[in-house]
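Peer 1: Under the working numbering, the first residue of the sequence shown carries the number 231, and numbering increases by one thereafter.
Even for Gly, the Cβ is constructed at its ideal location relative to N, Cα and C.
The structure that follows is given in the form of structure tokens.
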Amino acid sequence: MKSKIVPLQPILVSWIGHADLKAAAGEAGAGLGPIAQAVAFKELVL
Numbered sequence: 231m232k233s234k235i236v237p238l239q240p241i242l243v244s245w246i247g248h249a250d251l252k253a254a255a256g257e258a259g260a261g262l263g264p265i266a267q268a269v270a271f272k273e274l275v276l
């Protein structure tokens, strides 16, 4: 029996850091935050 090899989907693994928390809280000068910048160009599936 032959098994089918399924290609892996690209994933982003990250942790929530201080810059992300500041951005989520809307602090002045925080911008989007690193995670939002990383996924802004691509679809995000949780």
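Take I265 and list the residues in its own chain whose beta-carbon comes closer than 6 Å to its own, dropping the five residues that flank it on each side.
Peer 2: Reading the sequence shown from its first residue, position 35 is the one you call residue 265. Hits under 6 Å: S244, D250.
Peer 1: In the structure shown, what three-state DSSP assignment does K252 receive?
Peer 2: For the purposes of this step, residue 252 is identified with residue 22 of the sequence shown, where counting begins at 1. If DSSP states are grouped into helix, strand and coil, K252 belongs with the helices.
Peer 1: Compare the beta carbon distance of A253 and G261 with 8 Å and say whether it is the shorter of the two.
Peer 2: Translated into the one-based positions of the sequence shown, residue 253 becomes position 23. Translated into the one-based positions of the sequence shown, residue 261 becomes position 31. Yes; because the gap between Cβ atoms is below 8 Å, this pair is in contact.
Peer 1: For the alpha helix (DSSP H) that A266 lies in, which residues bound it at each end?
Peer 2: Within the sequence shown, numbered from 1, the residue matching residue 266 stands at position 36. Taken as a continuous stretch (DSSP letters only), the alpha helix (DSSP H) holding A266 covers 264-269.
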